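Asks: Questions regarding the structure given below will be posed in turn.
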């Protein structure tokens with residue numbers, strides 16, 4: 146890593162904060178921290194960190210409010226680190242603009258992997274991925290020719306399947322909620338039609354994955370949405 | 029030889045009428061070394077009973093109709109000799125609705141309506157003059173028939189509703205029983221890892237330990253913490269099971285997807301173990317709570333990891349059988365002592381040789397059973413021919429599953445910008 150990325154940790158529990166900062170500093174990241182929402186928002190705007198780790202249960206402000214206020218002036222990736230593990234909480238946070246969500250207790254490996262994904266998305270802004278060829282492991286997507294290959298073999302996809310895969314591949318590594326996927330592929334009126342999504346994801350899995358029930362790329366997060374897994 | 033064939037045929041016919049599939053008893057089955065798929069017979073017997081149960085219902089309705097007719101004719105004759113010498117129809121009007129009510133409760137609405145129709149014909153044939161002839165009923169007889177039919181219909185609907193409620197109540201009681209057993213135990217179990225954590229943590233903090241001791245105590249802290257994490261996870265899953273809190277929408281879940289999600293979570297624990305999955309695309313979408321069913325699969329695979337040697341493979345298959353989707357998790361471990369296939373689902377059952385220090389608490393399979401029961405399904409274990417165990421669970425597929433066809437229409441549309 147040429148220059149250490151700056152990570153802002155917004156967490157009110159002192160023990161959790163100490164451990165997070167320890168883990169991050171050990172990896173060579175430059176760290177900032179705040180113990181409440183107001184300080185966190187101020188730090189996020191002033192220091193322009195590369196990633197924000199946000200706890201949802203802060204003493205002064207709701208996590209959603211913190212995210213909204215940060216989003217008003219910054220597109221910094223926000224990773225929610227929360228003890229609330231129910232899918233509704235995850236979906237709400239992701240729909241409110243979080244880039245990713247990890248549940249406490251979180252393993253260091255897992256957290257660091259998510260941070261790397263977030264940092265990568267900063268380096269390659271999503272908009273630029275509409276042309277060229279994107280390759281993940283043996284899966285390749287040619288946006289110019291609208292062609293998808295797995296291990297060099299062309300896969301025939303219907304227009305809907307192609308759109309679905311391109312949305313997933315553009316945000317590879319992070320979870321996209323069912324609602325976001327439905328909105329992007331089918332349009333806002335279809336936001337609640339999870340049945341469509343299930344049917345098409347199944348088709349896509351059976352076309353792309355060697356073992357659909359033990360997938361390499363198209364990972365489901367129960368009750369939340371889907372993630373296109375980056376190869377290790 | 030011929031006699032034997034006739035005998036078998038007759039046996040089959042009787043079995044078919046009574047709605048029973050001829051299934052070898054479990055002991056016979058083990059001896060005859062049935063092919064792997066045939067092991068699901070235990071399940072087929074259940075599904076089969078329901079399938080033939082429909083035929084059985086109509087057959088019973090026919091028998092009860094005959095009985096009612098005989099009884100009412102007998103009563104009619106008795107009362108006729110006493111009074112006017114004319115066949116009375118009130119015994120029929122009394123016994124037949126009673127019979128219909130019985131059929132409704134036992135066999136459901138269809139056979140009851142069938143019986144009502146038979147009743148009308150018999151009534152017309154025997155009691156409406158001219159007797160022993162089919163006649164177009166007069167307005168008055170029409171009314172009688174109409175009343176009889178509507179009584180039967182109303183009773184049918186009420187009885188059917190009652191039956192459904194009873195079934196639901198039975199299922200809820202079962203889930204409740206399992207849930208309570210788990211809750212009582214869990215809150216106690218939480219203290220075990222906590223005790224170890226407090227002890228090891230205090231020692232690390234306050235005592236002078238040599239490096240080897242420090243390492244050992246830190247290992248205990250890490251192991252007990254993840255055990256606590258698992259227990260709390262189970263506790264949270266249990267709260268979801270509370271009184272019909274299942275998060276299901278008809279026909280919206282793909283089982284292969286949930287298996288994939290479970291395997292993704294288990295990736296690190298699985299290590300180098302070979303996982304083989306077999307999930308045909310035809311297996312229909314169905315409805316279940318994906319978080320809970322993922323937990324079932326995670327628990328089953330964790331069990332395999334815990335009870336089989338490292339490197340021994342795990343096989344997961346899915347298939348559709350009658351109106352169920354069946355998932356099976358098979359291993360090549362030591363299996364379960366014969367006769368204990370049911371006991372493994374009991375709380376705190378940990379097998380004859382509890383595995384190495386792994387934080388297992390004998391909870392996993394009990395939680396699985398509670399979750400599957402809450403879905404109206406069933407879970408069971410069988411020893412595998414050639415060594416190992418198979419746990420299967422079956423989830424009902426509802427009739428009104430969403431059809432992929434409706435979304436084909438969308439696919440045909442022009443791509444959106």
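Chains as they are written, first to last, in this note's numbering: chain P, 146 to 377; chain D, 29 to 445. Idealized CB from N, CA, C, for every residue including glycine. Computed from a predicted model, the values in this text were never measured in an experiment.
Can you look up residue 291(D) in the DSSP assignment and give me helix, strand or coil?
Replies: Numbered from 1 along the second chain, position 263 holds the residue referred to as residue 291(D). Three-state DSSP puts residue 291(D) in a helix.
Asks: Output the distance between the C-alpha atoms of residue 215(D) and residue 251(D), rounded to the nearest integer angstrom.
Replies: Counting from 1 along the second chain, the entry for residue 215(D) is found at position 187. Counting from 1 along the second chain, the entry for residue 251(D) is found at position 223. Roughly 19 Å between the two C-alpha positions.
Asks: Quick one: does residue 135(D) have its CB under 8 Å from some CB of chain P?
Replies: As a position in the second chain, residue 135(D) is number 107, starting the count at 1. No, no contact with chain P.
Asks: What does the alpha-carbon distance come out to for the pair residue 370(P) and residue 245(D)?
Replies: Here residue 370(P) is taken as the residue at index 225 of the first chain, counted from 1. Here residue 245(D) is taken as the residue at index 217 of the second chain, counted from 1. Going from the Cα of residue 370(P) to the Cα of residue 245(D) covers about 39 Å.
Asks: To the nearest angstrom, how far is the alpha carbon of residue 224(D) from that of residue 151(P)?
Replies: Mapped onto the second chain, residue 224(D) falls at position 196. Mapped onto the first chain, residue 151(P) falls at position 6. If I take the Cα positions, the gap works out to 37 Å.
Asks: Please state if the CB of residue 210(P) and the CB of residue 173(P) are separated by a distance shorter than 8 Å.
Replies: By 1-based counting over the first chain, the position of residue 173(P) is 28. By 1-based counting over the first chain, the position of residue 210(P) is 65. Not closer than 8 Å, so no.
Asks: Return helix, strand or coil for residue 376(P), following the three-state DSSP convention.
Replies: Within the first chain, the letter at position 231 stands for residue 376(P). In this structure, residue 376(P) counts as coil in the three-state DSSP scheme.
Asks: When the cut-off is 8 Å and only beta carbons count, does residue 281(D) lie next to chain P?
Replies: Looking up residue 281(D) in the second chain gives position 253. True, the Cβ-Cβ gap to chain P drops below 8 Å.
Asks: Taking the alpha helix (DSSP H) that residue 218(P) belongs to, which residues open and close that run?
Replies: Counted from its first residue, the first chain places residue 218(P) at position 73. Counting along the chain, the alpha helix (DSSP H) containing residue 218(P) begins and ends at 208-218.
Asks: Give me the chain D residues within the contact set of residue 347(P), using Cβ-Cβ distance strictly less than 8 Å, ordered along the chain.
Replies: For the purposes of this step, residue 347(P) is taken as the residue at position 202 of the first chain. Ordered by position in chain D, the residues that pass the 8 Å Cβ test against residue 347(P) are 282, 284, 285, 309, 313.
Asks: Give me the Cα-Cα distance between residue 265(P) and residue 307(D), rounded to the nearest whole angstrom.
Replies: Along the first chain, one-based indexing puts residue 265(P) at 120. Along the second chain, one-based indexing puts residue 307(D) at 279. Cα to Cα, residue 265(P) sits roughly 34 Å from residue 307(D).
Asks: For the 8 Å Cβ check, are there 3 or more pairs between the region 400-410 of chain D and the region 290-302 of chain D?
Replies: With the cut-off at 8 Å, the region 400-410 of chain D and the region 290-302 of chain D do not touch.
Asks: Given that residue 289(D) touches chain P, what residues does it touch there, using C-beta distances under 8 Å?
Replies: Mapped onto the second chain, residue 289(D) falls at position 261. Near residue 289(D) (Cβ distances below 8 Å), the residues of chain P are 364, 365, 366, 367.
Asks: For chain P, check one thing: does any of its Cβ atoms lie closer than 8 Å to the Cβ of residue 528(D)?
Replies: Here chain D covers residues 29 to 445 and nothing more, so residue 528(D) does not appear.
Asks: Could you tell me which chain P residues have their CB closer than 8 Å to the CB of residue 217(D), listed as they occur along the chain?
Replies: Counting from 1 along the second chain, the entry for residue 217(D) is found at position 189. The premise fails here: residue 217(D) is roughly 18 Å from chain P at the closest Cβ pair, so nothing lies under 8 Å.
Asks: Between the alpha carbons of residue 49(D) and residue 135(D), how many angstroms are there, rounded?
Replies: Within the second chain, residue 49(D) is the residue found at index 21, counting from 1. Within the second chain, residue 135(D) is the residue found at index 107, counting from 1. The predicted model places residue 49(D) with a pLDDT of 37, which falls under 50 and marks its position as unreliable; any figure quoted below should be read in that light. Cα to Cα, the separation comes out at about 18 Å.
Asks: If you draw a straight line from the alpha carbon of residue 116(D) to that of residue 84(D), how long is it in whole angstroms?
Replies: Here residue 116(D) is taken as the residue at index 88 of the second chain, counted from 1. Here residue 84(D) is taken as the residue at index 56 of the second chain, counted from 1. Distance between the alpha carbons of residue 116(D) and residue 84(D) is about 32 Å.
Asks: Which whole-angstrom value describes the C-beta separation of residue 373(D) and residue 397(D), a residue pair presumed to lie in contact below a C-beta threshold of 8 Å?
Replies: Here residue 373(D) refers to the residue found at position 345 when the second chain is read from its first residue. Here residue 397(D) refers to the residue found at position 369 when the second chain is read from its first residue. Sure, about 5 Å apart at Cβ, within 8 Å.
Asks: Verify the CB distance criterion: does residue 351(D) have a CB-CB separation below 8 Å to chain P?
Replies: Numbered from its first residue, the second chain carries residue 351(D) at position 323. Closer than 8 Å: no.
Asks: Measure the C-alpha to C-alpha separation of residue 296(P) and residue 153(P) and round it to an integer number of angstroms.
Replies: Indexing the first chain from 1 puts residue 296(P) at position 151. Indexing the first chain from 1 puts residue 153(P) at position 8. Their Cα atoms are separated by approximately 39 Å.
Asks: What's the C-alpha gap between residue 234(D) and residue 185(P)?
Replies: For this step, residue 234(D) is matched to residue 206 along the second chain. For this step, residue 185(P) is matched to residue 40 along the first chain. The straight-line gap from Cα to Cα measures roughly 35 Å.
Asks: Quick one, are the C-beta atoms of residue 286(D) and residue 318(D) less than 8 Å apart?
Replies: As a working mapping, residue 286(D) is identified with position 258 in the second chain. As a working mapping, residue 318(D) is identified with position 290 in the second chain. Against a cut-off of 8 Å, the Cβ pair of residue 318(D) and residue 286(D) comes out as a contact.
Asks: Identify the contact partners of residue 209(P) in chain D, using a Cβ-Cβ distance below 8 Å as the criterion.
Replies: Counting from 1 along the first chain, the entry for residue 209(P) is found at position 64. In chain order: nothing, as chain D lies at least about 22 Å away.
Asks: Short of 9 Å Cβ to Cβ, which residues in the region 215-244 of chain P face chain D?
Replies: Against chain D - using a Cβ distance shorter than 9 Å - the residues of the region 215-244 of chain P are 230, 231, 232.
Asks: Would you report the Cα separation of residue 313(D) and residue 293(P), rounded to the nearest angstrom?
Replies: Along the second chain, read from residue 1 onward, the residue named residue 313(D) stands at position 285. Along the first chain, read from residue 1 onward, the residue named residue 293(P) stands at position 148. About 26 Å.
Asks: Using a Cβ-Cβ cutoff of 7 Å, what residues of the region 289-305 of chain D are near chain P? List them in chain order.
Replies: Cβ contacts with chain P: 289, 291, 292, 303, 305.
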